[in-house]
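Everything on this sheet refers to the single structure shown next.
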Amino acid sequence: MHEISAELWNSAVRVLDVNWAGDHMVPSRKLYPHQWSWDAAFIAIGLAYVNPTRAWRDLRSLFEAQWPDGRVPHIVFDPATAEADYFPGPAFWEVPAYGNRAARGSTGIVQPPMHAIAAWDVYRHAAAHGANAALEARTELEWLYPRLVAQQRYLTTDRNLGRGGLASIVHPWESGLDNSPSWDEAMANVPADLTLLARYRRRDLDVSDAAHRPTDMDYSRYVGLVLTYRAGGYADDGLIDRHAFAVECPAFNSILASAELALAQIAGVLGLTAEASAHRDRAHQITTAIIKRLWNPATGMFHALDVRTGKLTPARCVSGLLPLMLPDLPAEMVESVMAEMRSPRFGLPVPSYDRTAPDFDTMRYWRGPLWINVNWLIRRGLLVHGFRDEAEDLRAGMIRLVHRNGHFEYFHPVTGEGLGAPTFSWTAALSLDLLADRSVPAYAKAG
Ligand code: GLC
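Have a look at this one:
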């Protein structure tokens with residue numbers, strides 16, 4: 001194991017060196033040549049071990065592009081990358097320019113708010129790098145805190161489209177699980193206009209295998225949804241009446257609640273006692289809403305809720321296991337989610353979708369393959385509820401997978417073969433974190 005560790009550690013560090021673009025990290029040089037929101041958070045968690053200054057820089061670059069309403073864009077564009085090298089690029093989004101975004105440009109949609117969790121992790125590791133790093137960490141945390149609070153405010157207020165205390169995503173890309181079967185029902189109600197793809201050419205297929213990627217039909221709907229959100233200036237007021245897609249995702253909302261718990265820790269360090277307790281209350285409220293709105297007793301797991309129809313989507317996806325991250329999840333739900341996870345439908349490491357589903361697809365992105373970031377979140381959930389053996393098995397399983405196959409974007413759920421981009425930043429970054437093995441999150445349940 002020792003050799004494996006050294007090799008994996010060094011190769012991960014190399015990936016993160018190659019993908020560093022001066023003031024931010026790209027997820028992958030060819031396929032994703034800009035900065036992505038939740039990628040930056042996972043990346044910072046790993047960078048904290050080798051270069052905390054870069055971890056903070058990456059988070060700062062992202063939050064410098066935050067909108068006045070608090071939303072943190074899902075992509076911040078790098079002006080050094082040509083428009084033709086990525087679709088949909090800055091010209092397509094037509095986001096009004098101001099502040100730092102005048103120079104960099106961004107999209108108008110969001111991704112799961114992993115950043116408070118990352119900021120707290122990076123902060124906790126900084127002390128190991130000496131007094132200067134600790135000082136830097138304190139300054140960066142102070143800078144980030146109000147911005148993280150504004151991000152949460154935006155999601156819990158403006159995006160509370162279903163009025164039940166959860167954030168809705170208004171585009172599948174906002175989930176980070178782009179083409180997950182969780183959105184199939186809701187997406188079927190979104191008009192698909194294939195002529196859009198004649199006007200806006202996909203660029204992903206030039207640099208990756210079409211069999212792995214979302215279909216043209218999916219893609220035309222993705223483009224159409226951006227066009228309608230864009231037409232309203234990305235305003236959320238009354239959006240539910242004019243937008244064809246609004247869904248409450250269990251993974252997104254579990255991250256939202258966990259972010260409140262991380263903010264409680266951060267507020268505590270900054271001496272903001274009243275705020276810390278307000279963050280804990282909000283985490284509890286979001287947890288309660290997840291339980292009330294997204295639990296399906298018939299499947300014994302969580303499902304996405306289509307806010308427009310009021311129906312839970314039937315697909316069993318990895319997102320429905322992620323409420324395991326929540327410390328306040330009732331014991332019977334924890335047991336039920338664990339049973340589902342241990343069943344032939346999933347197993348550790350968990351695939352992105354139910355292995356026994358007729359449309360389980362071993363190649364196609366979020367419709368089957370294994371991803372390191374969601375498994376990392378699952379491991380966190382296992383630790384929160386004291387499943388230490390399984391957490392350790394999962395850690396070893398992920399390390400083995402990446403060591404054998406490389407720092408790929410995702411992995412074949414049966415053979416483990418690496419798929420997608422070969423030098424993918426979050427896979428490398430989270431490998432560092434797994435190797436460093438801090439197994440007990442500070443907010444884990446006592447006992
Ligand atoms: C894909 C993934 C998303 C990720 C992005 C950049 O769109 O689905 O989760 O953030 O690529 O890596």
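Going by our numbering, the first residue of the sequence shown is number 1, and it counts up by one from there. Don't be surprised by glycine CBs; every beta carbon is placed ideally from N, CA and C. On a predicted model such as this, the values are computed, not experimentally measured, just so you know.
Inset, instruction - Report whether the distance from the Cβ of Tyr32 to the nearest heavy atom of the ligand GLC is below 7 Å. - result: Taking the first residue of the sequence shown as 1, we reach residue 32 at position 32. At least one heavy atom of the ligand GLC is nearer than 7 Å to the Cβ of Tyr32, so yes.
Legend entry - Span separating the alpha-carbon of Tyr353 from that of Leu135: Here residue 353 corresponds to residue number 353 of the sequence shown, with the count starting at 1. Here residue 135 corresponds to residue number 135 of the sequence shown, with the count starting at 1. Looking at the two C-alpha atoms, the distance is approximately 43 Å.
Inset, instruction - Answer yes or no: do Tyr49 and Leu348 have a C-beta to C-beta separation smaller than 8 Å? - result: Walking along the sequence shown from the start, residue 49 turns up at place 49. Walking along the sequence shown from the start, residue 348 turns up at place 348. No.
Inset, instruction - Compute the minimum distance between the beta carbon of Gln35 and the heavy atoms of the ligand GLC, and state whether it is under 7 Å. - result: Here the question's residue 35 lines up with position 35 in the sequence shown. Gln35: no, Cβ never under 7 Å from the ligand GLC.
Legend entry - Unbroken stretches of the alpha helix (DSSP H), 4 residues or longer, contained in the region 340 to 397: Within the region 340 to 397, the complete alpha helix (DSSP H) runs of at least 4 residues are 372 to 384.
Inset, instruction - Classify Leu194 as buried or exposed, calling it buried when 16 or more other Cβ atoms lie within 10 Å of its own Cβ. - result: The residue given as residue 194 occupies position 194 in the sequence shown. When all chains shown are included, Leu194 counts as exposed.
Legend entry - Cβ shell of Arg379 (< 7 Å), same chain only, five flanking positions each side left out: Along the sequence shown, one-based indexing puts residue 379 at 379. Only Ala391, Leu394, Arg395 meet the Cβ criterion.
Legend entry - Cβ-based neighbour list, Pro33, same chain, cut-off 7 Å, excluding 5 preceding and 5 following: The residue labelled residue 33 in the question sits at position 33 within the sequence shown. Correct list, in chain order: Val26, Asp78, Thr81, Asp85, Tyr86.
Inset, instruction - Could you tell me which residues DSSP pairs with Ser106 in its beta bridges? - result: Within the sequence shown, numbered from 1, the residue matching residue 106 stands at position 106. Paired residue(s): Val76.
Inset, instruction - Inspect the beta-carbon positions of Val15 and His407 and report whether they are closer than 8 Å. - result: Sequence index remark: in the sequence shown, residue 15 carries index 15 (1-based). Sequence index remark: in the sequence shown, residue 407 carries index 407 (1-based). Yes. Within cutoff.
Legend entry - Sheet register partners of Gly418 (DSSP bridge): The residue labelled residue 418 in the question sits at position 418 within the sequence shown. Note: Gly418 sits in a beta bridge opposite Phe411.
Inset, instruction - Within its chain, find whatever has a CB closer than 8 Å to the CB of Leu8; leave out the 5 residues flanking it on each side and keep chain order. - result: Position 8 of the sequence shown, counted from the start, is the residue given in the question as residue 8. Around Leu8: Ile399, Val402, His403, Ser431, Leu435.
Inset, instruction - Pick out whichever of Thr215, Asp39, Val13 has its Cα sitting closest to the Cα of Val374. - result: Numbered from 1 along the sequence shown, position 374 holds the residue referred to as residue 374. Residue Asp39 is the option with its Cα nearest to Val374.
Inset, instruction - Would you tell me roughly how many angstroms separate the C-alpha atoms of Arg202 and Met338, rounded to the nearest one? - result: Reading the sequence shown from its first residue, position 202 is the one you call residue 202. Reading the sequence shown from its first residue, position 338 is the one you call residue 338. So the two alpha carbons sit approximately 39 Å from each other.
Inset, instruction - Please name the residue in Glu340, Leu263, Glu248, Pro358 whose C-alpha comes closest to that of Trp307. - result: What you label residue 307 is simply residue 307 of the sequence shown in a count that begins at 1. Going by the sequence as given, residue 307 is Val instead of Trp. Among Glu340, Leu263, Glu248, Pro358, the Cα nearest to that of Val307 is on Glu248.
Inset, instruction - Can you tell me which of Arg316, Ser258, Trp93 puts its alpha carbon nearest to the alpha carbon of Pro344? - result: Counting from 1 along the sequence shown, the entry for residue 344 is found at position 344. Per the Cα distances, Arg316.
Inset, instruction - Ignore the nearest five residues each way along the sequence and tell me which others in Met217's own chain have a CB closer than 6 Å to its CB. - result: Here residue 217 is taken as the residue at index 217 of the sequence shown, counted from 1. Ala192, listed in sequence order.
Legend entry - Buried/exposed call for Asn480, threshold 16 Cβ in 10 Å: This structure cannot speak to residue 480, because the chain is shown only from 1 to 447.
Inset, instruction - Answer yes or no: the CB of Pro181 versus the heavy atoms of the ligand GLC, is any distance below 7 Å? - result: By 1-based counting over the sequence shown, the position of residue 181 is 181. Flag unset: Cβ of Pro181 not near the ligand GLC.
Inset, instruction - Assuming Gly320 and Met333 form a contact by the criterion Cβ under 8 Å, report the distance between their Cβ atoms to the nearest whole angstrom. - result: Translated into the one-based positions of the sequence shown, residue 320 becomes position 320. Translated into the one-based positions of the sequence shown, residue 333 becomes position 333. Contact doesn't hold; Cβ gap of about 11 Å is too wide.
Inset, instruction - Could you have a look at Asp206 and say whether DSSP puts it in helix, strand or coil? - result: Taking the first residue of the sequence shown as 1, we reach residue 206 at position 206. DSSP places Asp206 in helix when its eight states are reduced to three.
Inset, instruction - Keeping to the same chain, check which residues put their C-beta closer than 7 Å to that of Phe424; ignore five residues upstream and five downstream. - result: Counted from its first residue, the sequence shown places residue 424 at position 424. Hits under 7 Å: Pro27, Ser28, His407, Phe408, Glu409.
Legend entry - Simplified DSSP assignment, three categories, for Trp143: In the sequence shown, the residue the question calls residue 143 occupies position 143. Correct three-state label for Trp143: helix.
Inset, instruction - Would you check if the region 226 to 238 and the region 48 to 66 touch, i.e. whether three or more CB-CB distances between them fall below 8 Å? - result: Output reads no: the region 226 to 238 does not touch the region 48 to 66.
Inset, instruction - State the Cα-Cα distance for the pair Ser277 and Asp361, rounded to the nearest angstrom. - result: In the sequence shown, the residue the question calls residue 277 occupies position 277. In the sequence shown, the residue the question calls residue 361 occupies position 361. Between the alpha carbons of Ser277 and Asp361 lies a gap of roughly 44 Å.
Legend entry - Trp9: CB within 7 Å of a non-hydrogen atom of the ligand GLC: In the sequence shown, the residue the question calls residue 9 occupies position 9. Answer for Trp9: no, Cβ out of range of the ligand GLC.
Inset, instruction - Could you pull the start and end residues of the alpha helix (DSSP H) that Glu260 belongs to? - result: As a working note, residue 260 is residue 260 in the sequence shown. Element bounds for Glu260: 250 to 269.
Inset, instruction - Kindly examine the ligand GLC and report whether one of its heavy atoms sits closer than 7 Å to the Cβ of Asp39. - result: Taking the first residue of the sequence shown as position 1, residue 39 is located at position 39. At least one heavy atom of the ligand GLC is nearer than 7 Å to the Cβ of Asp39, so yes.
Inset, instruction - Flag Trp376 as yes when its Cβ comes closer than 7 Å to any non-hydrogen atom of the ligand GLC, and as no otherwise. - result: Taking the first residue of the sequence shown as 1, we reach residue 376 at position 376. False, no ligand heavy atom lies under 7 Å from that Cβ.
Legend entry - Where Lys445 sits in the DSSP three-state scheme: Counting from 1 along the sequence shown, the entry for residue 445 is found at position 445. Below a pLDDT of 50, predicted positions are generally treated as unreliable, and Lys445, at 40, falls in that range; the measurement from the model is reported next regardless. In this structure, Lys445 counts as coil in the three-state DSSP scheme.
Inset, instruction - Answer yes or no: the CB of Gln66 versus the heavy atoms of the ligand GLC, is any distance below 7 Å? - result: In the sequence shown, counting from the first residue as 1, residue 66 sits at position 66. Flag unset: Cβ of Gln66 not near the ligand GLC.
Inset, instruction - Give the straight-line distance between the Cα atoms of Ala298 and Glu340, rounded to the nearest whole angstrom. - result: Sequence index remark: in the sequence shown, residue 298 carries index 298 (1-based). Sequence index remark: in the sequence shown, residue 340 carries index 340 (1-based). In a straight line, the C-alpha of Ala298 is about 12 Å away from that of Glu340.
Inset, instruction - Determine the burial state of Asp121: buried for a count of at least 16 other Cβ atoms within 10 Å of its Cβ, exposed for fewer. - result: Here residue 121 corresponds to residue number 121 of the sequence shown, with the count starting at 1. By the 10 Å Cβ count, Asp121 comes out buried.
Legend entry - Spatial neighbours of His243 in its chain, beta-carbon cut-off 7 Å, leaving aside the 5 residues before and after: Against the sequence shown, residue 243 aligns to sequence position 243. Within the same chain, His243 has close Cβ partners Val170, Thr228, Tyr229.
Legend entry - Same chain only: Cβ atoms within 8 Å of Pro441, ignoring 5 sequence neighbours per side: Taking the first residue of the sequence shown as position 1, residue 441 is located at position 441. Caution applies to Pro441, whose pLDDT of 43 falls short of 50 and renders its modelled position unreliable; the model cannot decide the point.
Inset, instruction - Could you work out which residue in Leu161, Leu177, Thr287, Val269 is closest to Asp237 when comparing CA atoms only? - result: Locating residue 237 in the sequence shown gives position 237, counting from the first residue. If we check each option's Cα against that of Asp237, Leu161 comes out closest.
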